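Each remark here refers to the structure printed beneath this line.
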Amino acid sequence: MNEPTATHGGRVNVLTTPEVIDTIAGLRARLAETGERAGERPRVVLVPTMGALHAGHLALVRRARELGDIVVVSIFVNPLQFGAGEDLASYPRTLGADVAALGAVGVDLVFAPTGQVMYPHGPSSTRVTAGPVGTLYEGAARPGHFDGMLTVVCKLMNIVGPDVVVFGEKDAQQVFLVEAMLEDLDFRPVIEVVPIVREQGGLALSSRNRNLAEEQRAAARALSAGLAAAASVAGRGTAAALQAAHALIDAQPLVKLDYLVVVDPQTFLPVAADHHGPARMLVAALVGSTRLIDNAALDLN
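Spelled out as C-alpha cells, the structure:
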C-alpha cells in the first residue's frame, strides 16, 4: 500500500491499492502505526463484508470514506453464519477482484483472514446470542445464523477498534440486531446504515444475484415491485399493504415466497392490524435455488 499521509484535520489519504492483511496482529500493528503517522488519533471506519463485492458494497465504502480517516474493509466468509445444507462451500470468493474494486474507492486496509486465523481452535464455543428477534424471519429459516453473524461482528470490532461500522439497509434484520448488540453491550462504535442499492428494474443488489438465470432475474423483480405496491397503499393500513404485495409476488410461479411480514422498526416484531406510523415490510423468497431478501419502509397512517 502507498504510505498514508496526514492532511489537515488528521485525515489520511491513500493513493492507490489498499494493503491486504490476513492476521489479527498484523492489522492491529498497521492501524497503530498509521495512527502514529497521522499525528493524532484518526477516525477508523469498518465495513464488514463476505466479499464477492458489488455496487451495493461499494456504496457502503464510499459512505465510509466520507465518515472517517482510515477505512478498513473486512472480507471473511464466516462459517458460523451458515447452517447445514447452505452454500458455504460454493459462496463466491473473489479476493483479487474485490481488492481492485476497493482500491478504486479509496479503501486503506483490507482485512482478509482465513478461518484458522479467526477461529484457531475451531468454531468458537463463546457466541453472541441474538435473542428472540434472532429466531424470527431469516432466523427461522436459518437457525443460528444471527448468532454467528453477531459473533463475527463482535470479533471484528474488537480487532479493528472502529469509531463507526457501516452496514447496508438491505439486511434490515441484521442491522436491527447489530444496533441492539452495540447498545446492550456498550460497544463504542456507532452504526451507519446505507440505503439499498438496486439493479435497473428494482432488484436489490446481492452477491447471490449472479446465480440467477435471466428468466429468474426477471421474476425476482416481483419482490421489489411488491414492496413498492405496498408502500403506495400503506395509508390504507397493514392489510392493504400486504394484499398489494402478495398480488404481485404470488403471481410469479418462479418465486417461492418464504415470508412477507410488516414489522415495527422499534421492536422488529409483527405490527398489530391497527398499527399506525412507521413500519417496515420484509420479504424473503427462493427463486430457483437462490434465496433473496428485500425490505422497504412503510408509513401506515
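Per the working numbering, residue 2 is the first one in the sequence shown, and the count goes up by one each step. Don't be surprised by glycine CBs; every beta carbon is placed ideally from N, CA and C. All of these numbers come straight from a predicted model, not from anything done at the bench.
### Message
So the candidates are Gly107, Ile294, Pro43 and Ala26; which of them puts its Cα closest to the Cα of Leu61?
### Response
Here the question's residue 61 lines up with position 60 in the sequence shown. Selected option, being the one with the closest Cα: Gly107.
### Query
By Cβ distance below 7 angstroms, which residues in the same chain neighbour Arg222 in space, the five residues on each side in sequence not counted?
Locating residue 222 in the sequence shown gives position 221, counting from the first residue. Gly202, Gly203 and Leu204, listed in sequence order.
### Query
Are the Cβ atoms of Val256 and Leu243 separated by less than 8 angstroms?
Residue numbering aside, residue 256 sits at position 255 when the sequence shown is read from its first letter. Residue numbering aside, residue 243 sits at position 242 when the sequence shown is read from its first letter. Not closer than 8 angstroms, so no.
### Contacts around Asp23, its chain only, beta-carbon distance under 8 angstroms, and the 5 residues preceding and following it disregarded
Counted from its first residue, the sequence shown places residue 23 at position 22. Cβ neighbours of Asp23 beyond the five flanking positions: Phe112, Ala113, Pro114, Thr115 and Val118.
### Message
Spatial neighbours of Val78 within its chain, please: C-beta separation below 6 angstroms, excluding the five flanking residues on both sides.
### Response
Position 77 of the sequence shown, counting from 1, holds the residue named residue 78. Cβ neighbours of Val78 beyond the five flanking positions: Met51 and Tyr92.
### Query
Start and end of the beta strand (DSSP E) containing Glu216?
Position 215 of the sequence shown, counted from the start, is the residue given in the question as residue 216. Segment Glu215 to Ser233 is the alpha helix (DSSP H) holding Glu216; no beta strand (DSSP E) there.
### Message
Threshold first: 4 residues or longer. Then list the alpha helix (DSSP H) segments lying entirely within the region 98-129, N to C.
### Response
116-119
### Message
In the DSSP assignment, the beta strand (DSSP E) including Lys257 goes from what residue to what residue?
### Response
As a first step, residue 257 is located in the sequence shown; it is residue number 256 there, counting from the start. Counting along the chain, the beta strand (DSSP E) containing Lys257 begins and ends at Val256 to Val264.
### Task
With a cut-off of 8 angstroms on the beta carbons, I'd call Leu206 and Glu215 a contact; round off their distance for me.
Sequence index remark: in the sequence shown, residue 206 carries index 205 (1-based). Sequence index remark: in the sequence shown, residue 215 carries index 214 (1-based). Going by Cβ atoms, the distance from Leu206 to Glu215 rounds to 17 angstroms, so no, they are not a contact pair.
### Message
Along the chain, where does the beta strand (DSSP E) containing Ala273 start, and where does it finish?
### Response
Counting from 1 along the sequence shown, the entry for residue 273 is found at position 272. Per DSSP, Ala273 belongs to no beta strand (DSSP E) and is neither H nor E.
### Message
I need the straight-line Cα distance from Asp295 to Thr127, nearest angstrom please.
### Response
Within the sequence shown, residue 295 is the residue found at index 294, counting from 1. Within the sequence shown, residue 127 is the residue found at index 126, counting from 1. So the alpha carbons of these two residues sit roughly 31 angstroms apart.
### Task
Drop a sphere of 10 angstroms on the beta-carbon of Val179, count the other beta-carbons inside from all chains shown, and report buried for 16 or more, exposed for fewer.
Counted from its first residue, the sequence shown places residue 179 at position 178. Classification for Val179: buried.
### Arg291: first and last residue of the uninterrupted beta strand (DSSP E) it sits in
Within the sequence shown, residue 291 is the residue found at index 290, counting from 1. The sequence given here places Thr at residue 291; Arg does not occur at that position. Residues Thr291 to Leu301.
### Task
Work out the CA separation of Arg29 and Arg211 for me, nearest whole Å.
Numbered from its first residue, the sequence shown carries residue 211 at position 210. Numbered from its first residue, the sequence shown carries residue 29 at position 28. Using only the alpha carbons, I get a separation of about 34 angstroms.
### Query
For Ser334, is the classification buried or exposed, using 16 other Cβ atoms within 10 angstroms of its Cβ as the cut-off for buried?
Absent from the structure is residue 334, since the part of the chain shown begins at 2 and ends at 302.
### Message
Here's a check: name, in chain order, each residue in its chain whose Cβ is nearer than 7 angstroms to the Cβ of Val194, leaving out the five neighbours to either side.
### Response
Within the sequence shown, residue 194 is the residue found at index 193, counting from 1. These residues qualify, in order along the chain: Phe168, Glu170 and Val176.
### As assigned by DSSP and simplified to three states, the class of His247
Sequence index remark: in the sequence shown, residue 247 carries index 246 (1-based). Note: His247 maps to helix in three-state DSSP.
### Message
Looking at the secondary structure, which residues open and close the alpha helix (DSSP H) in which Ile160 lies?
### Response
Stepping through the sequence shown from its first residue, residue 160 is reached at position 159. Counting along the chain, the alpha helix (DSSP H) containing Ile160 begins and ends at His146 to Val161.
### Query
If you run the structure through DSSP and keep just helix, strand and coil, what is Arg281?
As a first step, residue 281 must be located in the sequence shown, where it is residue number 280. Arg281 falls in the strand class under three-state DSSP.
### Helix, strand or coil at Glu20 [DSSP, three-state]
The residue labelled residue 20 in the question sits at position 19 within the sequence shown. If DSSP states are grouped into helix, strand and coil, Glu20 belongs with the strands.
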